[in-house]
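In our numbering, the protein residues as written are 526 to 940.
Don't be surprised by glycine CBs; every beta carbon is placed ideally from N, CA and C.
The structure presented is a predicted model; accordingly, all values stated were derived computationally and were not measured.
Read the structure below first, then the notes.
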Amino acid sequence: MTSLITRYRSFDRPARLLMLNQLTINLGFYMLMPYLASHLSADLALAGWAVGLVMGVRNFSQQGMFLIGGTLADRLGYKPLIIAGCALRTGGFALLGLVDSVPALIIASAATGFAGALFNPAVRAYLAADAGERRVEAFALFNVFYQTGILLGPVVGLVLTSVAFKLTCLTAAAVFAVLTVLQIRALPAHSAEHPAGPRSIRQDWAGVFRNRSFVLFSLAMIGSYVLSFQVYLALPLEARRVAGPGFSGTALVAIMFGLSGALAIAGQLRITAWCRGRWNQGRCLATGLLLMAAAFLPPALTTGINGGPAALTWLPLILSAALLALGTLVVFPFEMDTIVALSGNRLVATHYGLYNTVVGVGILLGNLFTGTVLDLARGAGVPAAPWVILALLGAACAWCVRALGAADRLAPVVG
């Protein structure tokens with residue numbers, strides 16, 4: 526902890542503020558979002574299609590609008606977009622707790638999603654610019670704060686939701702209201718670097734799409750997001766299958782989530798420093814992706830076992846969650862740094878926006894495929910098939926990234 530604080534203090538005030546902000550952003554977001562579907566179905570008695578619509582609108586309004594948010598950040602400056610995103614999420618979260626009609630809930634859900642599309646690319650581009658040559662270290666530390674917010678948010682939300690979901694919404698809105706004021710008062714303005722000469726948005730987007738190395742890297746990394754998202758989909762479903770839908774199943778899911786967060790908080794900086802001292806950027810990314818691929822081998826070997834001791838049912842899933850978290854810790858700082866390097870330090874937020882949009886589409890399609898295969902495979906008597914496919918997907922991503930590195934496609938672009 527002393528080392529963590531020392532590293533944190535070694536960065537300039539804007540970087541420190543952005544890291545602390547991200548912890549608070551995730552605290553506010555995750556104290557509410559894990560309980561929203563239950564509120565919509567149980568408290569408001571909405572039909573399943575309505576719950577899916579509200580949740581889907583939130584996801585699309587964020588993932589589908591990242592390119593817009595990144596473009597606005599590059600043109601208007603990072604600070605205004607961060608403020609706008611926090612302010613919009615304040616209103617969206619407050620509205621979620623005060624309304625009960627489907628149209629109003631859709632508006633509130635869209636506002637919370639679009640808010641993320643506004644501030645996420647801006648925050649990452651601002652941090653990259655402020656950290657300079659220390660980008661990898663800055664993103665490693667950023668992920669510690671990021672994961673801490675994810676770890677604490679559901680715990681706080683559980684306490685508040687046990688009183689009333691409305692209280693959770695208004696508390697989350699208050700968190701973002703405070704963040705909005707904090708950005709206005711304490712965050713220095715920072716403008717993006719632009720290519721020379723006046724350019725239209727269409728020209729900016731065309732330039733990003735013509736960045737072949739960046740586009741290939743974005744496509745190669747889609748699989749990593751499909752794999753990392755399985756901590757919300759495949760692993761919880763398997764946990765509830767082997768441990769039951771009651772307290773045991775919930776406890777196993779909680780252990781997996783807690784382990785992921787604890788590994789990030791305790792190990793991120795050491796892992797990043799260890800990898801950076803031994804391998805180049807491409808090797809670090811490929812190694813992390815191989816670890817993520819390996820995470821799906823333990824459940825592939827044991828998924829056919831029904832019943833039995835916990836050592837045969839719980840431990841493979843816990844090991845899977847640990848390997849998945851470890852692989853993500855290896856990948857994240859180098860992934861964020863590679864995006865900046867491939868942008869040539871020009872239109873960085875726009876590059877982040879397009880990157881998030883590409884992987885967002887990949888997550889949607891990947892989850893649809895994974896959910897379908899999970900159902901079909903068990904019915905067909907081959908329950909290991911989805912896990913093997915996920916492992917092969919991770920291995921393929923690692924190969925693609927390694928190939929890009931070998932072809933010098935991950936080298937910094939000279940702007």
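When the beta-carbon positions are compared, residue 863 and residue 935 come within less than 8 angstroms of each other. Taken through DSSP and simplified to helix, strand or coil, residue 713 comes out as coil. Sequence-distant partners of residue 878 (beyond 5 residues in either direction) whose C-beta falls short of 6 angstroms from its own C-beta, in its chain, are 591, 592, 594, 595 and 646. Taking a C-beta distance under 8 angstroms as the contact criterion, residue 856 and residue 744 do not qualify as a contact pair. Taking a 10 Å sphere around the C-beta of residue 770, we find fewer than 16 other C-beta atoms and assign the residue as exposed.
Under the three-state reduction of DSSP, residue 817 is assigned to helix. By the criterion of a C-beta distance shorter than 6 angstroms, residue 821 is surrounded in its chain by 912, 915 and 916, once the five residues flanking it on both sides are discounted.
Looking only at 536, 665 and 918, the smallest Cα-Cα distance to residue 800 is reached by 665.
In this structure the region 547–554 lies against the region 667–680, because at least three pairs of beta carbons, one per stretch, are closer than 8 angstroms. The three-state reading of DSSP puts residue 670 in helix, counting H, G and I together.
In this structure, the CA atom of residue 804 is about 26 angstroms from the CA atom of residue 540. Nearest neighbour of residue 569 by Cα position, chosen from 689, 933 and 854, turns out to be 689.
Its chain contains no residue whose beta carbon lies nearer than 6 angstroms to that of residue 746 once the 5 sequence neighbours on both sides are disregarded. C-alpha of residue 658 to C-alpha of residue 575: approximately 47 angstroms in a straight line. For residue 544, the uninterrupted alpha helix (DSSP H) run begins and ends at 538–555, by DSSP. Per DSSP, residue 912 is one residue of the alpha helix (DSSP H) stretching across 910–931. Setting aside the 5 residues that flank it on each side, residue 921 has no residue in the same chain whose C-beta is closer than 6 angstroms to its C-beta.
For the region 763–807, the continuous alpha helix (DSSP H) assignments of 4+ residues that do not extend past its boundaries occur at 772–803, in sequence order.
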